Amino acid sequence: MAGSSLPVLSPGPYHILSYGTLLGTTFFHTFVGGIVSYQVLTRPQFAALMAKIFPVYFSMQTALPVVIALTYPATSYRPGLSGVTGVLDSSNRWSVLVPLAAIFASGLANLAVVGPATTKCMNERRLQEKKDGKKSHDAPPHSQEMAALNKKFSTLHGVSSLLNLGTFIATVAYGFSLAARLD
């Protein structure tokens, strides 16, 4: 065909694949994999699994919005608005830039700050369990140190969960914007 380019050189397929990977990974981990793992594995096994999965998962949530922005495809009626230029265009501020920035920021916060702090707190609880001779999840009473660590862990876990939920909501919101471009 005259005028057509090879699909492999077009940013569109990479954009869709990156978006699909982000949405699918976030949905699966949040609503299926994490829940089933928690129900099936022992606490130490679950903690070990999540300690290995979370850095990869949060890295994906940080990197994929960048790939999505870089591969943002132009349309036939606005051919110059592709890639970062298209994402930053004022007409795309709320439908494209804000969701992608939110996904990136929440993934980065979990990757660089909240995730490591949560892992550190889990390790501190494990040491305190040895000192106390009692598991962090055993029935109270707990030592003051363990009670403080349990509260800290709950707070960190809650913040991480809210960031992850924000990622999911922003990813779905961007999906509506992407779908509107297909009409």
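At position 98 of the sequence shown (counting the first as 1) the number is 211 in the working numbering, and the numbers step up by one without a gap. Don't be surprised by glycine CBs; every beta carbon is placed ideally from N, CA and C. Values in this document were obtained by computation on a predicted structure and should not be read as measured data.
Requested in this report: Ignore the nearest five residues each way along the sequence and tell me which others in alanine 222's own chain have a CB closer than 8 Å to its CB.
Outcome: Leu276
Query raised in the report: The alpha helix (DSSP H) with phenylalanine 289 in it runs from where to where?
Result: 257–295
Requested in this report: Classify alanine 115 as helix, strand or coil using the three-state DSSP reduction.
Outcome: Any reading at alanine 115 must be qualified, since the residue scores a pLDDT of 44, below 50, and its modelled position is unreliable; the value itself is stated next. Of the three classes helix, strand and coil, the one that applies to alanine 115 here is coil, per DSSP.
Query raised in the report: Taking DSSP as the reference, what is the three-state secondary structure of histidine 250?
Result: coil
Query - Spatial neighbours of proline 178 in its chain, beta-carbon cut-off 8 Å, leaving aside the 5 residues before and after - result: Leu135, Leu213, Ala214, Ile216, Phe217, Gly220
Requested in this report: Can you tell me which of the three DSSP states threonine 155 falls into?
Outcome: coil
Query raised in the report: Does DSSP put isoleucine 129 in a helix, in a strand, or in coil?
Result: helix
Query - In chain order, each alpha helix (DSSP H) run of at least 4 residues that lies wholly inside the segment 183–240 - result: 196–201, 211–222
Query - Residues of its chain near histidine 255, where Cβ-Cβ distance is below 8 Å and the 5 sequence neighbours each way are ignored - result: Asp245, Lys247, Ser249, Asn263
Report task. Using only alpha-carbon positions, find the residue among Gly125, Ser203, Ala160, Pro186 that is nearest to serine 195. Result -> Pro186
Query - heavy atom of the ligand FAD below 7 Å from valine 211 C-beta - result: Because no ligand of any kind appears in the structure shown, any question about the ligand FAD cannot be addressed here.
Report task. Work out the CA separation of asparagine 205 and lysine 243 for me, nearest whole Å. Result -> 54 Å
Query raised in the report: Can you list, in chain order, the residues of its chain whose CB lies under 8 Å from that of glutamine 241, leaving out five sequence neighbours each side?
Result: Ser249, Ser256, Glu258, Met259, Leu262
Query raised in the report: Would the beta-carbon of serine 273 fall within 8 Å of that of glycine 228?
Result: yes
Query raised in the report: Of all the CB atoms in chain C, is at least one closer than 8 Å to the CB of serine 204?
Result: No chain C appears in this structure, which consists of one protein chain only.
Query raised in the report: How long is the line joining the alpha carbons of methionine 114 and proline 124, rounded to whole angstroms?
Result: Low local confidence applies: a pLDDT of 41 at methionine 114 is under 50, so the model's placement there is unreliable, and no value is given.
Requested in this report: Taking 8 Å as the cut-off, decide whether the C-beta atoms of leucine 291 and tyrosine 127 are in contact.
Outcome: no
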